[in-house]
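Numbering (the working numbering), first residue to last: 2 to 561.
These notes concern the structure reproduced below.
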């Protein structure tokens, strides 16, 4: 659907209401009207169909197997055990009996029937969770570093992120009216931040807490990098204009890392963020949807002009950026002690899928843990799960449950397997060109023997798979990444760094698994023989001249 059509739908939607009630009530089809499919995204859901069944149903002259994905808005990915149990119950009753942890620290339900959309929204509301702005042309779920080195600082940053998430929520009462049957109020008829047509495209915000860059902060439209001095959070270095999305064969679209805007104190966060969002609202491209993200606005207007406009709207002058340094962008798997004396356990969840199967029982195990745990659950940006705030007396019981349900993958497998990410892709994502989540275990099974053969089984290499070039799994920040080009075929991207501060580059285009594995085998052999002490795989590939980071982006990578 083109930009013009989407803009017209938003403009005529009566602030995201459209004809959603009528579409939901139509018993003749499992689908919504086309315009309502666009508006549903702002309510946190996408219409999808099972692509594995598409041809079979077409031959049977049946409509596609329509279902819905529902995504939560959970700033920083923090949930209580009671909320986790409620989410698990929703998955059992209304979805496909799985939960999926996303790279934006949200929870997704898959396989929800149209008649169950409203009951799910109401069940989430009862858990004090909603789906507003989880999708659509608005600010999405606000991310926060999960593997934070200081629990007290994490709590402060999480509070800032939650406040900003609330501030940037759409004001329309459409969500409450449609899903909760609550009557409209006068205040629900204005959008002081977004206006009647909302943003030109989606908008993403992340808070990073150095030295951890698990959120890949430079991949976001707006980033806040926490500056901690003498144990005190003094403010944030601001970054703008990151984005992963691209389109194959279209040189006008590409992934970009964010640029540094300046420094803001904690009490300036709200004003600066609103100024950035409203500037993008007014300056962003509303004609060509593929060029509507903030990264393209900055390309066209320039960073200096954008900064001046943000400062004018915020009514303040940004200070110069302060130094920061990232050590890595991964998760700290396994057990570790927090500064508050409480333990944390980070579980490795392959591709973020919480399901029960022959190898492990994630759903059952986490359900039993949630029934006894008194701390919190924390979704990581790398699709893993932290059981946080474990008192000394609880540790043995939780460890026993983890082992009993075989969800102790954090202690097994190669470093590559434990760090790998993948998007959902087939069969439900309508944009997928190739497999993602379903292919990840098979690919890792093929690569691990190579690693062992070259003595690299413990090498912490980042692998990411995306079924299309839109980048939900942040593939352009993977040391090794596969970006779907067609069934069984991918672009092999190589050479990002392990800190999330360098994009990778295309090494092979439109290749199958055999070609990918052969190339990786050669390069891993070279890495084992030629690497310097402590040198990471992506850094080696750049130093050895195997790939070169995009020149237009390389100048932005130096931390201030």
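Cβ coordinates follow ideal geometry from the N, Cα and C atoms, glycine included.
Since the model is a prediction, treat every value here as computed from it, not as a measurement.
Use the C-beta contact count for residue 486: other C-beta atoms within 10 angstroms, 16 or more gives buried, fewer gives exposed.
-> buried
Could you give the C-beta distance for residue 241 and residue 262, rounded to a whole number, given that I count them as a contact under 8 Å?
-> 5 Å
Please determine, among 138, 33, 13, 251, the residue with the shortest C-alpha to C-alpha distance to residue 24.
-> 33
Bridge-paired residues (DSSP) for residue 240 = 224, 261
From this set, 459, 456, 479, 458, which residue's C-alpha is nearest residue 467's C-alpha?
-> 479
Which residue's Cα is closest to the Cα of residue 148: 506, 140, 158?
-> That would be 158, whose Cα lies nearest to the Cα of residue 148.
Contacting residues, own chain, Cβ-Cβ under 7 Å from residue 333 (five flanking each side not counted) = The answer, listed in chain order, is 148, 347.
Coil, strand or helix - residue 158 by DSSP = Looking at residue 158 - three-state DSSP - the assignment turns out to be helix.
Which term fits residue 337, buried or exposed, when burial requires 16 or more other beta carbons within 10 angstroms of its beta carbon?
-> Around the C-beta of residue 337, fewer than 16 other C-beta atoms lie within 10 Å, and the residue is accordingly described as exposed.
Where do the N-terminal and C-terminal ends of the alpha helix (DSSP H) with residue 297 fall, by residue?
-> 295-302
Per-residue DSSP class, three states only, for residue 204 | strand
What is the C-beta distance between residue 498 and residue 540, in whole angstroms, given that I count them as a contact (C-beta under 8 Å)?
-> 6 Å
Through-space distance from residue 272 to residue 313, alpha-carbon basis = 11 Å
Segment contact flag, the segment 375-382 with the segment 92-110, C-beta cutoff 8 Å, min 3 pairs = yes
Tell me which same chain residues have a C-beta within less than 6 Å of the C-beta of residue 362, skipping the five on either side of it?
-> 406
Count the CB pairs spanning the segment 531-539 and the segment 363-370 that are closer than 8 Å, and state whether there are at least three.
-> no
With a CB to CB cut of under 6 Å and the five nearest residues on each side skipped, what residues in its chain are close to residue 277?
-> So the list reads 223, 311, once near-sequence residues are dropped.
So, residue 451 versus residue 457, is the Cβ gap smaller than 9 Å?
-> Yes.
Leaving aside the five residues before and after residue 350 along the sequence, list all residues of the same chain whose C-beta is less than 7 Å from its C-beta, in chain order.
-> 102, 363, 384, 385, 386
Do the segment 430-442 and the segment 467-476 touch if we need at least three Cβ pairs shorter than 8 Å?
-> yes
Give a yes or no on contact between the segment 208-219 and the segment 313-332, applying the rule of three or more CB pairs nearer than 8 Å.
-> yes
Under the DSSP definition of a beta bridge, which residues are partnered with residue 389?
-> 377
Cutoff 7 Å; reference residue 42; Cβ partners in own chain excluding five residues on either side = 136, 137
Taking residue 69 as the reference, give the member of 38, 322, 543 with the closest Cα.
-> 38
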